[in-house]
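Enquirer: Residue numbers (our numbering), protein chains in the order written: chain U, 1 to 69; chain P, 1001 to 1382; chain F, 2001 to 2317.
For every residue, glycine included, the Cβ atom is placed at its ideal position computed from N, Cα and C.
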Amino acid sequence: MFRAITIMLIMLVIGGCQAVEPWERDRLSRKDMQLIADPLEAQRTEQIFFSKEASSGGSAAAGGGCGCN
Amino acid sequence: MRKVDSSSLALLSAAALALPAFGATQPTERTLAVSTSVYQEDDLERSRLAFGDVERFKVKTNQFYVSAPMGRDWSGSVRYDNEAMSGASPWGTSVSADGQTDVIMSGASIDDSRNGLDVSLTRYFDQSSFSVSLGYSGEDDYHSRSVGMTFERDFFNRNTTLALSGSYSTDEITPTDAALYGRVPYKEKRSRSFYAGLTQLISPVAVLNVGLGLTSRRGFLSDPYKLRDVRPKQRLEKTVTASYRHYLDWRQTSLRFDYRYFWDSFDVRSQTLSASFMQNPRSDIAWGPTVRYYAQSEASFYRPFDQYALPVTQAQSSDFRLSSYGAWSYGIKARYQMGAIEFNGSLERYESDEGLGLDESVSAHPALVRFNVVSLGLEFKF
Amino acid sequence: MAMGSPCSIKVPGPTERGQLAANVCIVEAHRFESVYSRYTHDSVVAQINAAAGLKPVRIDAECRAIFNYAAVCYELSEGLFDVTAGVLRRIWTKTRTQRPTEAELAPVLGLIDFNLIEISDDSVFLPRVGMEIDLGGVVKEYAADALAQKVQSLGIDSAVINLGGDIYCVGSRTVDEGWQIGIVDPRGGAPVASVQLVNAGLATSGGYERFLEIDGKKYSHILDPQTGYPVDSLASVSVIADQTVVAGSAATIALLKGEAEGLKWLEALGCPYLAIGKTGQVMKGEGKDSEKIVSSETSGASANRQFKGFFNVKANR
Chain U
1 MFRAITIMLI MLVIGGCQAV EPWERDRLSR KDMQLIADPL EAQRTEQIFF SKEASSGGSA
61 AAGGGCGCN
Chain P
1001 MRKVDSSSLA LLSAAALALP AFGATQPTER TLAVSTSVYQ EDDLERSRLA FGDVERFKVK
1061 TNQFYVSAPM GRDWSGSVRY DNEAMSGASP WGTSVSADGQ TDVIMSGASI DDSRNGLDVS
1121 LTRYFDQSSF SVSLGYSGED DYHSRSVGMT FERDFFNRNT TLALSGSYST DEITPTDAAL
1181 YGRVPYKEKR SRSFYAGLTQ LISPVAVLNV GLGLTSRRGF LSDPYKLRDV RPKQRLEKTV
1241 TASYRHYLDW RQTSLRFDYR YFWDSFDVRS QTLSASFMQN PRSDIAWGPT VRYYAQSEAS
1301 FYRPFDQYAL PVTQAQSSDF RLSSYGAWSY GIKARYQMGA IEFNGSLERY ESDEGLGLDE
1361 SVSAHPALVR FNVVSLGLEF KF
Chain F
2001 MAMGSPCSIK VPGPTERGQL AANVCIVEAH RFESVYSRYT HDSVVAQINA AAGLKPVRID
2061 AECRAIFNYA AVCYELSEGL FDVTAGVLRR IWTKTRTQRP TEAELAPVLG LIDFNLIEIS
2121 DDSVFLPRVG MEIDLGGVVK EYAADALAQK VQSLGIDSAV INLGGDIYCV GSRTVDEGWQ
2181 IGIVDPRGGA PVASVQLVNA GLATSGGYER FLEIDGKKYS HILDPQTGYP VDSLASVSVI
2241 ADQTVVAGSA ATIALLKGEA EGLKWLEALG CPYLAIGKTG QVMKGEGKDS EKIVSSETSG
2301 ASANRQFKGF FNVKANR
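#1: Taking DSSP's pairing of strands, which residues face serine 1165 of chain P in a bridge?
#2: In chain order, what residues of the same chain lie with their CB nearer than 7 Å to the CB of valine 1103 of chain P, ignoring the 5 residues before and after it?
#3: Does the beta-carbon of glutamine 2019 of chain F have 16 or more other beta-carbons within 10 angstroms, so that it is buried, or is it exposed?
#4: Do alanine 1315 of chain P and lysine 1381 of chain P have their beta-carbon atoms positioned less than 8 Å apart in this structure?
#5: Using the Cα positions of glycine 1211 of chain P and aspartate 32 of chain U, report the straight-line distance between them to the nearest angstrom.
#6: Kindly indicate which three-state DSSP category valine 2175 of chain F falls into: helix, strand or coil?
#7: Taking Cβ positions, are threonine 1272 of chain P and glycine 57 of chain U nearer each other than 8 Å?
#8: Report the rounded CA-to-CA distance for arginine 25 of chain U versus alanine 1206 of chain P, giving the unit in angstroms.
#9: Which of the three DSSP states, helix, strand or coil, is assigned to glycine 1326 of chain P?
#10: State yes or no: is the beta carbon of glycine 1213 of chain P nearer than 8 Å to at least one beta carbon in chain F?
#11: Counting only beta-carbon atoms, is alanine 1024 of chain P nearer than 8 Å to chain F?
#12: Serine 2123 of chain F and valine 2057 of chain F look like a contact to me (Cβ under 8 Å); what is the Cβ gap, rounded to whole Å?
#13: Between alanine 2260 of chain F and chain P, is there a C-beta pair that is closer than 8 Å?
#14: Between F/Asp2215, F/Thr2097 and F/Val2087, which lies nearest to proline 2105 of chain F when the distance is taken from Cα to Cα?
#15: For lysine 1058 of chain P, which option in P/Arg1292, P/Gly1219 and P/Gly1087 has the closest C-alpha, if you only look at C-alpha atoms?
#16: Can you tell me the Cα-Cα spacing of lysine 1226 of chain P and phenylalanine 1305 of chain P, whole angstroms?
#17: Around the C-beta of tyrosine 1308 of chain P, are 16 or more other C-beta atoms found within 10 angstroms, so that it is buried, or is it exposed?
#18: What is the DSSP secondary structure of tryptophan 1091 of chain P, counted as helix, strand or coil?
#19: Once DSSP output is grouped into helix, strand and coil, what is the label at glutamine 1234 of chain P?
#20: At the 8 Å Cβ level, is glutamine 1296 of chain P part of the contact set with chain U, yes or no?
#21: Count Cβ pairs between the region 1145–1153 of chain P and the region 1166–1182 of chain P that sit closer than 8 Å; are there 3 or more?
#22: Only counting the same chain, and skipping five residues up and downstream in sequence, which positions put a Cβ closer than 7 Å to that of tyrosine 1294 of chain P?
#23: Considering only residues of the same chain and omitting the five flanking positions on each side of tyrosine 1330 of chain P, which have a CB-CB separation below 6 Å?
#24: Going by the DSSP bridge assignment, what does leucine 1121 of chain P pair with across the sheet?
#25: Quick one: which chain P residues come within Cβ less than 9 Å of alanine 19 of chain U?
#26: Quick check for students: name the residue ranges of the beta strand (DSSP E) that lie wholly in the region 2101–2147 of chain F, counting only runs of 3 or more.
#27: For alanine 2065 of chain F and valine 2011 of chain F, what's the separation of their Cα atoms in angstroms?
#28: Against chain U, which members of the region 1328–1341 of chain P pass a CB distance test of less than 7 Å?
#29: Please list the residues of the region 1248–1278 of chain P that have a C-beta atom closer than 9 Å to any C-beta atom in chain F, keeping them in chain order.
#30: Can you tell me whether alanine 2103 of chain F is buried or exposed, with buried defined as 16 or more other CB within 10 angstroms of its CB?
#31: Can you tell me where the alpha helix (DSSP H) with proline 39 of chain U in it begins and where it stops?
#32: Measuring only from the beta carbon, is leucine 2126 of chain F closer than 7 Å to any heavy atom that is part of the ligand SAH?
#33: Inspect the beta-carbon positions of valine 1458 of chain P and serine 1037 of chain P and report whether they are closer than 8 Å.
#34: Please confirm whether valine 2184 of chain F and leucine 2135 of chain F have their CB atoms less than 8 Å apart.
#35: For chain P, is any of its Cβ atoms less than 8 Å away from the one on valine 2294 of chain F?
#36: Quick one: what does DSSP say cysteine 2063 of chain F is sitting in, helix, strand or coil?
Next comes the structure, spelled out in structure tokens:
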């Protein structure tokens, strides 16, 4: 896995992404540009889909379970 | 000529906060958020009911969240949620006269509540952060305790961020009325989970995140309430995820895309794609539609209806969640900012259908859910 | 004395902890001075300047972040806030008897351009021989913030850090009174205004504390990097912001823009400010975020950050 991460890292960097300078990050710092814009909404929807679908995970490590599944 | 407005101040402040005295990406404000929501499943089709109640699950959820910087290097957050569940849920399936699956539902007797608590503490360093979290979730018949750790490291002047996290949880299952209904009295399961993710700034208006996840669950993975539900004692789940955020100057719009490919040792594969389109027609208003597509294949031991003739040791489940199906959901989200307080609300409609599944020609599962979620909340920064 | 100006830290009560905090501040202020001063020959700034046109110099994460901050200021001010402008001091010396000519300035102006600096993750290179940087305009204000953070990390919740007029107020003086800070008139010593601050930074930029006198005419030490001449602008600008470093660069950019443009900049930025014009007239703005300003009657115990008795201009100047 670490190898895969290293390869991805190198690919992304060599892939020619221009460096985004700190003073260009005002739009990236907006709420809706975050990976998780609203922690409560994220938890709520994860809980629902975890209890109604066979798949789960994918956003950081899974926490504890519940009796809903 | 560059337009000067309060966003210039935001830029200066953001650059100032990137100075090391202010810690890594440490939050500078305290946040308090509360939210209440109602989840309501559509009634089951009466003609497909073999037994029980057509009125399905309803969950009322209250959530509470607070996070705050603590000193110059630390921050902490606490999340509490409470759910009140009511309605009926599927107990099993039987085969109807015309060879279709009928559902056996519980009576509308379920009346349970769940309380969840998560506490996390983060220490910020120059270019990295480390956080530890403890979680608890408790119901009458289910208790879960978890511990997790996350390490984040910035590279290339914060153009790239690597996140590594791991968690461990142990769950105790103590079904209600176990003696009365012949259910297992006590079972355990343990989960270990790992995640590695990389976030890369692509341009001043685009950011990409990719991640790999691995979860291993061992122990009692069956549903103790279903009449015949026997699942393997181990499950290994893998995910590959990608998230992309793109900003458009038009109405200050953020386009959000999230994709996940999931596969596991039950032979379930799934694809999830969600997108939303949050726009700000005014600086204090944000709203936008959301859409989500989900499709999965069936588990290797899925049976359209319970087969009591099979030995109890052989894996089988007629749980609709292990069948081949797919779902669309649509929704709308809105926020209104009034000073330091933000009001938010959302509506979502979810409809699943076996025709959208990743496997072909499967019989319809009448228990597939359709539901609505309505939520209202507010967030206060101080 | 550090940073070439009088500095102080004020902690209420004669506690050991307060003394410890003061000692820590002195050490930390001297560290900033020794690392970023252009006067001490072994500072990183002196090394970068000495290596101009020769080789890149290694920098640490803090220095890199300071360069990043300077870059934001450069961008926002459209080149007016330029840390390479210090070379102009070679022309504007104290012993000077005549106003410099454009021909005299031209070669020096060729050494001024922030965009010429080659900044990588861990090094800085000034490509032209004779180029020079001066981070004083960022570091002194940043040091006030950094010291304030240090003081807070020692468990002090009430203090004033004053590094030669760049001030950060930690907490409040008493439960319902902020720290009273006076603002001086550029032409005389008496304060012209006062403001009460709680968890906020205040920085003042002006041509009055240090100036040159050539042929009997006073010249401000604020020099326009594009023309090479001192800016004929506001006499002084004080700005309040969440961070002293932000207040400082906002004030400096306002001075560099000249009087009319400078006032426009301050209004657009939305920070509370007080500006003193060439003839001594006082102009002030409350800032957009008026929630931050409470009237002097309101008790401040509940608000985290506030500017009390907003710039009470003294009547009998």
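Expert: The short version:
#1: P/Thr1150 and P/Tyr1195
#2: Leu1044, Arg1048, Leu1049, Ala1050, Pro1090, Thr1093, Pro1366 and Ala1367
#3: exposed
#4: no
#5: 20 Å
#6: coil
#7: no
#8: 10 Å
#9: strand
#10: no
#11: Any reading at alanine 1024 of chain P is ruled out, since the residue's pLDDT is 46, under 50, leaving its predicted position unreliable.
#12: 6 Å
#13: no
#14: The amino acid at residue 2105 of chain F is misidentified as proline; the sequence shows leucine. Minimum Cα distance to leucine 2105 of chain F is reached at F/Val2087.
#15: P/Gly1087
#16: 12 Å
#17: exposed
#18: strand
#19: strand
#20: yes
#21: yes
#22: Ser1270, Thr1272, Gly1326 and Ala1327
#23: Val1291 and Arg1349
#24: P/Gly1076 and P/Val1132
#25: Phe1156, Asn1157, Asn1159 and Leu1201
#26: 2123–2125
#27: 29 Å
#28: none
#29: none
#30: exposed
#31: 39–52
#32: Among the ligands in the structure shown, none appear at all, so the ligand SAH cannot be discussed.
#33: Look at the range of chain P in this structure, 1001 to 1382, and you will see that residue 1458 of chain P is not part of it.
#34: no
#35: Caution is warranted here: a pLDDT of 31 is assigned to valine 2294 of chain F, below 50, making its placement in the model unreliable, and the coordinate value is therefore given only provisionally. Not one chain P Cβ lies under 8 Å of valine 2294 of chain F.
#36: helix
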